[in-house]
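In UniProt numbering, the protein residues as written are 1 to 443. Beta carbons: idealized from backbone N, C-alpha and C, even for Gly. Here the structure comes first, spelled out in structure tokens, and everything after it is commentary.
What follows is the structure, given as structure tokens:
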């Protein structure tokens with residue numbers, strides 16, 4: 001999954017020798033290409049001297065029509081109010097075109113305003129369905145992949161792994177079971193499971209590590225004898241203790257006398273760039289709800305922190321993110337739920353911050369991150385606040401203001417063009433886009 005494909009080399013010609021193309025440009029007994037070119041040139045001169053017209057002129061009407069069409073095609077785009085191309089259309093069609101242009105400009109403006117009401121650091125969790133429960137096992141189902149090649153569609157293999165990214169000291173649990181196409185369990189036995197670190201050119205290889213798999217109800221297996229084999233990979237307790245990167249576990253199994261295989265990949269971070277310290281606290285500074293976490297940073301750099309916020313009924317509500325540079329030492333990390341998101345969504349109070357994950361972003365290296373220990377499950381429960389505590393002001397920034405200004409200019413130009421064409425429109429409601437028509441009024 002994460003291996004880099006081997007680079008391919010293009011065939012190279014020897015320096016000083018042209019590529020073989022089936023013939024020589026000249027040679028003893030051969031026909032020189034220079035002679036050929038000279039003969040062609042002589043034929044052209046003879047034809048021109050004879051006055052032959054191989055390209056007869058088109059009728060004048062066709063030339064004029066083509067010239068007009070080309071000039072119109074090559075002309076620079078006109079301002080919205082000019083509409084030179086629309087002038088050749090019937091009046092009703094011209095008006096429809098101008099209305100469509102206004103609606104399109106309004107749609108672009110409205111969509112941008114609505115999509116940037118909240119900053120990237122505080123978004124509805126419904127926009128990120130893959131981030132709602134990041135610590136749930138990753139489950140897959142596929143036909144049996146046979147060791148010798150090919151698949152057996154009559155045998156379905158179901159696997160799970162509890163983690164994809166592993167921080168220092170964390171472990172991953174793998175499971176596997178087999179069923180037929182109707183879902184009936186099939187007897188499965190595990191031959192072996194071997195974990196290897198994937199390294200690239202110049203990387204230091206690690207010794208393979210066996211991963212015990214069993215259906216005994218121990219070492220990661222939930223229930224003994226249920227036909228589900230489980231195994232645990234704890235890199236810190238093996239030869240991977242100082243390894244950074246992808247660890248691949250290849251599992252060989254047998255079903256109905258056939259040998260199959262599956263891969264489990266995890267990305268392990270053996271270094272700990274920072275650790276959480278102290279208690280989480282909250283603040284309503286600036287009309288927003290802030291969860292303030294404290295971290296002791298060992299390695300300075302850019303840290304990415306993600307947290308999930310649920311309402312009092314357990315409904316996923318917001319994804320809050322921190323993305324900034326942190327110096328070495330003790331630091332406060334603020335995960336903010338902006339006020340207008342609270343006012344718009346009106347979640348049931350109090351709010352719960354849960355499943356916080358964080359990492360140091362690393363550039364030009366693989367893996368591209370060093371993980372902090374995750375805060376799994378509920379990390380903090382807020383106080384109960386009335387909604388009027390929070391600001392209903394939309395998020396603003398220099399970039400957002402600049403884009404809104406430019407999109408508003410487009411709307412104004414399209415409106416001016418429509419009113420210039422149809423002054424009666426001044427007495428009627430202006431056409432609106434679907435976005436504007438469905439826009440919810442502010443509280």
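query = What residue does the alpha helix (DSSP H) around residue 449 start on, and which one ends it?
reply = What is shown of the chain runs 1 to 443, which leaves residue 449 out entirely.
ask   = CA-CA distance, residue 156 and residue 411?
value = Sequence index remark: in the chain shown, residue 156 carries index 156 (1-based). Sequence index remark: in the chain shown, residue 411 carries index 411 (1-based). If I take the Cα positions, the gap works out to 56 Å.
key: Span of the alpha helix (DSSP H), counted from its first residue to its last, around residue 198   = Taking the first residue of the chain shown as 1, we reach residue 198 at position 198. Taken as a continuous stretch (DSSP letters only), residue 198 belongs to no alpha helix (DSSP H), as it is neither H nor E.
key: Cβ neighbour criterion (16 or more within 10 Å) applied to residue 423   = Within the chain shown, the letter at position 423 stands for residue 423. Label assigned to residue 423: exposed.
query = For residue 260 versus residue 177, is the C-beta spacing smaller than 7 Å?
reply = Residue mapping note: residue 260 aligns to position 260 of the chain shown, counting from 1. Residue mapping note: residue 177 aligns to position 177 of the chain shown, counting from 1. The answer is no: Cβ separation not under 7 Å.
key: Residue from 354, 234 and 271 with nearest C-alpha to residue 372   = Numbered from its first residue, the chain shown carries residue 372 at position 372. Checking every option, the nearest Cα to that of residue 372 belongs to 271.
ask   = Near residue 212, what residues of its chain come up, given a Cβ to Cβ distance below 7 Å and the 5 sequence neighbours on each side ignored?
value = Counting from 1 along the chain shown, the entry for residue 212 is found at position 212. Same-chain partners within the cutoff: 219 and 231.
Where the alpha helix (DSSP H) through residue 403 begins and ends = Start at 1 with the first residue of the chain shown, and residue 403 comes out as number 403. It spans 398–421 - the alpha helix (DSSP H) in which residue 403 sits, taken as one unbroken run.
ask   = So the alpha helix (DSSP H) residue 437 belongs to, where does it begin and stop?
value = The sequence position of residue 437 within the chain shown is 437, counting from 1. From DSSP, the alpha helix (DSSP H) with residue 437 extends over 434–437.
task = Evaluate residue 428 with the Cβ neighbour count: other Cβ atoms within 10 Å of its Cβ, from every protein chain shown; 16 or more gives buried, anything less gives exposed.
result = Here the question's residue 428 lines up with position 428 in the chain shown. Looking at its Cβ environment, which holds fewer than 16 other Cβ atoms inside 10 Å, residue 428 is exposed.
task = Give the secondary structure of residue 126 by DSSP, where H, G and I count as helix, E and B as strand, and everything else as coil.
result = By one-based count along the chain shown, residue 126 stands at place 126. Helix at residue 126.
query = Hey, residue 370 and residue 356 are a contact pair by Cβ (cut 8 Å); roughly how many whole angstroms apart?
reply = One-based indexing of the chain shown puts residue 370 at position 370. One-based indexing of the chain shown puts residue 356 at position 356. So it is not a contact: roughly 16 Å between Cβ atoms.
query = Is it true that the CB of residue 262 sits closer than 7 Å to the CB of residue 247?
reply = Mapped onto the chain shown, residue 247 falls at position 247. Mapped onto the chain shown, residue 262 falls at position 262. Not in contact: residue 247 and residue 262 (Cβ atoms no closer than 7 Å).
task = Whole angstroms is fine: what's the gap from residue 407's alpha carbon to residue 159's?
result = For the purposes of this step, residue 407 is taken as residue 407 along the chain shown, with counting starting at 1. For the purposes of this step, residue 159 is taken as residue 159 along the chain shown, with counting starting at 1. Rounded to whole angstroms, residue 407 to residue 159 spans 49 Å at the Cα level.
ask   = Relative to the alpha-carbon of residue 195, which residue among 313, 97, 280 and 172 has its alpha-carbon at the smallest distance?
value = As a working mapping, residue 195 is identified with position 195 in the chain shown. Closest by alpha carbon: 172.
request  = Using only alpha-carbon positions, find the residue among 312, 362 and 148 that is nearest to residue 299.
outcome  = For the purposes of this step, residue 299 is identified with residue 299 of the chain shown, where counting begins at 1. Comparing Cα positions, the closest option is 362.
query = Alpha carbon to alpha carbon, what distance is there between residue 95 and residue 447?
reply = With the chain covering 1 to 443 only, the question about residue 447 has no answer from this structure.
key: Spatially closest choice to residue 388 from 349, 207, 367 and 414, by CA coordinates   = In the chain shown, residue 388 corresponds to position 388, counting from 1. Closest option to residue 388, Cα to Cα, is 349.
inquiry  = Between which residues of its own chain and residue 126 is the CB-CB distance below 8 Å, once the five residues before and five after are set aside?
reply    = By 1-based counting over the chain shown, the position of residue 126 is 126. Cβ within range, chain order: 316.
message = With H, G and I counted as helix, E and B as strand and the rest as coil, what does DSSP make of residue 237?
response = Start at 1 with the first residue of the chain shown, and residue 237 comes out as number 237. Residue state, collapsed to three classes: helix.
ask   = Taking just the CA atoms, how far does residue 110 sit from residue 417?
value = By one-based count along the chain shown, residue 417 stands at place 417. By one-based count along the chain shown, residue 110 stands at place 110. Distance between the alpha carbons of residue 417 and residue 110: 20 Å.
task = Let me know the beta strand (DSSP E) ranges lying completely inside the stretch 152–237, each 3 residues or longer, listed in chain order.
result = 172–180, 189–197 and 229–233
query = Where does residue 464 fall in DSSP's three states?
reply = The structure shown does not extend to residue 464, since the chain spans only 1 to 443, so no value can be given for it.
query = Can you tell me whether residue 164 is buried or exposed, with buried defined as 16 or more other CB within 10 angstroms of its CB?
reply = Here residue 164 refers to the residue found at position 164 of the chain shown. By the 10 Å Cβ count, residue 164 comes out exposed.
Simplified DSSP assignment, three categories, for residue 369 = For the purposes of this step, residue 369 is taken as residue 369 along the chain shown, with counting starting at 1. Residue state, collapsed to three classes: strand.
For residue 260, the first and last residue of its enclosing beta strand (DSSP E) = Reading the chain shown from its first residue, position 260 is the one you call residue 260. Residues 258–268.
ask   = Do residue 433 and residue 107 have their C-beta atoms closer together than 7 Å?
value = As a first step, residue 433 must be located in the chain shown, where it is residue number 433. As a first step, residue 107 must be located in the chain shown, where it is residue number 107. A contact, by the Cβ cut-off of 7 Å.
query = Going by Cα to Cα distance, which pick from 282, 92, 338 and 366 is closest to residue 383?
reply = Start at 1 with the first residue of the chain shown, and residue 383 comes out as number 383. Here the closest residue by C-alpha is 282.
task = Would you check if the distance between the CB atom of residue 123 and the CB atom of residue 319 is smaller than 7 Å?
result = Counted from its first residue, the chain shown places residue 123 at position 123. Counted from its first residue, the chain shown places residue 319 at position 319. Their beta carbons are under 7 Å apart, which means residue 123 touches residue 319 by this criterion.
request  = Put residue 444 into one of helix, strand or coil per three-state DSSP.
outcome  = Past the boundaries of the shown model lies residue 444; the chain is included only from 1 to 443, so the question cannot be answered.
query = When DSSP labels each residue in this structure, what does residue 375 get in the three-state scheme?
reply = Taking the chain shown and counting its residues from 1, the one referred to as residue 375 is at position 375. Note: residue 375 maps to strand in three-state DSSP.
For residue 187 and residue 154, the rounded distance between their alpha carbons = Here residue 154 refers to the residue found at position 154 when the chain shown is read from its first residue. Here residue 187 refers to the residue found at position 187 when the chain shown is read from its first residue. Computed Cα separation, rounded: 14 Å.
ask   = Quick one, are the C-beta atoms of residue 398 and residue 340 less than 7 Å apart?
value = For the purposes of this step, residue 398 is identified with residue 398 of the chain shown, where counting begins at 1. For the purposes of this step, residue 340 is identified with residue 340 of the chain shown, where counting begins at 1. Not closer than 7 Å, so no.
ask   = Cα separation between residue 92 and residue 415?
value = Here the question's residue 92 lines up with position 92 in the chain shown. Here the question's residue 415 lines up with position 415 in the chain shown. Their backbone Cα atoms lie some 17 Å apart in a straight line.
message = Measuring alpha carbon to alpha carbon, tell me which residue in 439, 438 and 430 is nearest residue 448.
response = Residue numbering for the chain in the displayed model covers 1 to 443; residue 448 lies beyond these limits and cannot be assessed.
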